[in-house]
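In this note's numbering, the protein residues as written are 41 to 285.
All C-beta atoms, glycine included, are put in the ideal place defined by N, C-alpha and C.
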């Protein structure tokens, strides 16, 4: 099984990189390293281009399959060969939108925990919007939505630094429990995973997360709560959008 080093885990701002092809499928390649985020964890994948011998090939989908990180290609006459060196570039506009929404969802999650005593039970990050689901006894009102919008924008405006840390499993669980994070999700991660990636929005939000994030909340900009939807008894979905949209 071909293994890929995930460059974005340590640096979310890598826009281009060189890699070696270590496996080839019918319409995809596996690389020895990648900065492309594969679809998962509620976040859509990165897309971009692969350059070989001055020929640009579209990377239209990146996802994990059969233990591999596969970069699916379009508009190619010939796939790269195993052992080839390629240069890859990420669609940065798309990636930055994902980063901004993902960090905003983390801020929203902690705000909801603090003010509505509820945990985030699902999320989705795309170029269209960011959304999160919460368990709530009572439906959110228009007044609630305005309170949430104003509250998260106040936090974002504090220009809080966002840090990445890697911790041994037990240390991460202890740390996140102390910070009030819902560790039930961590316990569901296979025991074979010994190291956790922890994202901290200053000392406001702390979470185990493999997604992409901005370095500072100032990069998010103003957020609008554009929609509230009932997802069935006791569950509500909040959808966020950027004010410039």
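Could you say if the segment 47 to 62 and the segment 74 to 89 meet the contact criterion of at least three C-beta pairs nearer than 8 Å? yes
Given 8 Å as the limit, is there contact between the segment 196 to 207 and the segment 161 to 180, that is, 3 or more CB pairs closer than that? no
May I ask you to list the residues that DSSP assigns as paired with residue 208? 235
Hey, would you say the C-beta of residue 251 is under 7 Å away from at least one heavy atom of the ligand SAM? No copy of the ligand SAM appears in this structure; indeed no ligand is present at all.
Assuming the contact rule is C-beta atoms closer than 8 Å, residue 251 and residue 43 should be a hit. Round their C-beta distance to whole Å, please. Wrong, their Cβ atoms sit about 21 Å apart, outside the cutoff.
Could you give the distance in angstroms between the alpha-carbon of residue 262 and the alpha-carbon of residue 118? 45 Å
Within its chain, find whatever has a CB closer than 8 Å to the CB of residue 68; leave out the 5 residues flanking it on each side and keep chain order. 110, 111, 112, 113
Out of 176, 93, 231, which one is the CA nearest neighbour of residue 213? 231
Cβ contact check for the segment 180 to 188 and the segment 217 to 229: 3 or more pairs under 8 Å: no
Rounded to a whole number of angstroms, what is the C-alpha to C-alpha distance between residue 199 and residue 257? 5 Å
At a cut of 8 Å, does the segment 172 to 180 reach the segment 233 to 240 through at least three beta carbon pairs? no
Going by alpha carbons, who is nearest to residue 64 out of 88, 100, 108, 236? 108
Give the C-beta separation of residue 270 and residue 179 to the nearest angstrom, bearing in mind that I take them to be a contact with Cβ-Cβ under 8 Å. 7 Å
Can you tell which of 146, 140, 99, 152 has the C-alpha that lies nearest to the C-alpha of residue 126? 99
Out of 56, 187, 141, which one is the CA nearest neighbour of residue 260? 141
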